[in-house]
Structure formats: C-alpha cells, structure tokens
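One structure below.
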Amino acid sequence: MSDSTSLPAVGMTNTIRTYGAIIVSIAAIVGCSLATVLVLVYPVPEASQALANVVMGGLLAAQGAVVQYWLGSSSGSAAKDEKK
-10 MSDSTSLPAV GMTNTIRTYG AIIVSIAAIV GCSLATVLVL VYPVPEASQA
40 LANVVMGGLL AAQGAVVQYW LGSSSGSAAK DEKK
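To convert, note that position 72 of the sequence shown is 61 in our numbering; the numbers rise steadily by one, no gaps.
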C-alpha cells in the first residue's frame, strides 16, 4: 500500500491530519468508556456527584463529536475535497 492510497473508511489520504483525527477519536472513546466503567463500578462520593456528572457529560459530548466526525458531514467533506 502506498502513501497516496486512501483509507477505505473515510476516503482521506494518509496525512498527519488523518492520523491526528484517529488518535483523538480513539482517546475520546477510550476515555468515555473508562469513565463509564469507573462510575458504574465504584460509588461516587456524595460531594463529588456534580463533578462526576459534568465530566461524564463532557466525555459523552466528545464521543458524540467523534461519531459525528466519522459518520457525519466531516467525512463527506473530506471525501469531496480529496476528489478535487
């Protein structure tokens, strides 16, 4: 496979931007999954429940942004830009 070959899932070339998006996406999904497991397994102290809710909300929003990037308009825009 050469460097100019497209990634099949997103249609983007192998660039730093592509790898950066992949790394950030993996970090967001792993972070959200890990935080969810920790909140479900270990009880959150009463004084920290508001903070836990804010952190979980932020991580879930980041995970939603990852899904939107890969399945939404950003992947379509990237594929369109590559055709030019």
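We put the CB at the ideal spot given by N, CA and C, even for glycine.
The criterion of a C-beta distance shorter than 8 Å is not satisfied by Gln57 and Ile18. Relative to Ile11, the option among Ser22, Pro32 and Val55 whose CA is nearest is Val55. When secondary structure is reduced to three states using DSSP, Val33 falls in the coil class, being assigned neither helix nor strand. In the structure shown, Thr4 adopts coil according to DSSP, grouped into three states. Per DSSP, Gly61 lies in no alpha helix (DSSP H) and is assigned neither H nor E.
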